[in-house]
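Just so we're aligned: the sequence shown equals residues 33 to 155 in the working numbering.
Ideal Cβ placement from N, Cα and C applies to all residues, glycine included.
Just so we're clear, the structure is a prediction, and the values are computed from it rather than from any experiment.
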Amino acid sequence: MRYVMFTYVDPDDVAAWEAMKPDEQSVEVNLVRDWFRKHADHIQGGEELDWPQHVKALRRGRQGDGVVVTDGPYVETKEILGGFIILETETQEQALQIASEWPSLRRHANATVQLQGVYVREP
C-alpha cells in the first residue's frame with residue numbers, strides 16, 4: 033500500500049528553529065536523517081518544500097475566463113506544508129507507526145503529520 037506523509041510546520045516552531053544555535057539545528061537535522069535511514073526500505077520518494085511566500089496558487093478565472101495566478105498558499109491555514117514523503121508499506125498500521133516516529137512530533141509542540149493513502153485505479 034502506498035501513502036503520502038505530509039509534514040506540517042507551525043510558524044511558532046519555525047521561529048524557534050531560527051532562534052536555535054547552529055549546533056542545536058544540527059541535532060534536529062540529524063534526527064530527521066536518522067529517521068530516513070531507519071525507514072529507507074519504505075520510502076519511495078518525497079521532497080522538502082520551499083517557503084510559503086514562494087507558493088503560487090492557480091485558480092479558474094471568473095466565469096471560466098482563463099486561469100488566475102496568485103501568491104501564497106492555496107488554502108487558509110496556520111500550518112506550513114513543509115514536505116511530503118511517499119511510503120510503501122504492507123498495512124496502514126505500519127505506515128502509521130512509521131509516520132508516528134517523525135522527529136518533529138516529539139520535539140515541536142505544534143508539529144503535525146498527515147498520512148493519506150494513494151488512490152489506485154484498476155486498469
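Grouping DSSP H, G and I as helix and E and B as strand, with all else coil, what is residue i?
i	result
Leu-81	coil
Gly-98	coil
Glu-56	helix
Lys-110	coil
Val-41	strand
Glu-120	strand
Contact check, residue i vs residue j under 8 Å by CB: the rounded distance?
i	j	result
Leu-147	Met-52	About 27 Å; that fails the 8 Å criterion.
Gln-16	Met-33	Shown here, the chain extends from 33 to 155; a query on residue 16 therefore has no answer.
Ile-118	Gly-77	4 Å
Glu-60	Arg-139	7 Å
Tyr-35	Val-150	7 Å
Pro-43	Lys-110	7 Å
Thr-39	Ser-136	7 Å
Under 6 Å Cβ to Cβ from residue i, same chain only, skipping five residues before and after it: list those, please.
i	result
Val-41	Ile-112, Gly-114
Lys-88	Val-101
Tell me which residues share the same chain as residue i and place their Cβ nearer than 8 Å to its Cβ, disregarding the 5 neighbours each side in the sequence.
i	result
Val-165	No statement about residue 165 is possible, as the shown extent of the chain runs from 33 to 155 and does not include it.
Trp-83	Ile-112
Arg-69	none
Leu-128	Leu-147
Can you tell me where the alpha helix (DSSP H) holding residue i begins and where it ends?
i	result
Ala-89	Careful: Ala-89 lies outside any alpha helix (DSSP H), inside the beta strand (DSSP E) at 88-92.
Got a sec, what are the start and stop residues for the beta strand (DSSP E) residue i sits in?
i	result
Val-152	No beta strand (DSSP E) holds Val-152; DSSP gives it neither H nor E.
Give every residue of the same chain whose Cβ lies closer than 7 Å to the Cβ of residue i, excluding the five residues on either side of it in the sequence, and list them in chain order.
i	result
His-74	Leu-119, Glu-120, Thr-121, Ile-130
Gly-142	In the sequence as displayed, the identity of residue 142 is Asn instead of Gly. Asp-42, Asp-44, Asp-45, listed in sequence order.
Trp-134	Thr-39, Trp-67, Val-145
*Three or more C-beta pairs closer than 8 Å, one from the stretch 139-155 and one from the stretch 65-79: is that the case here?*
no
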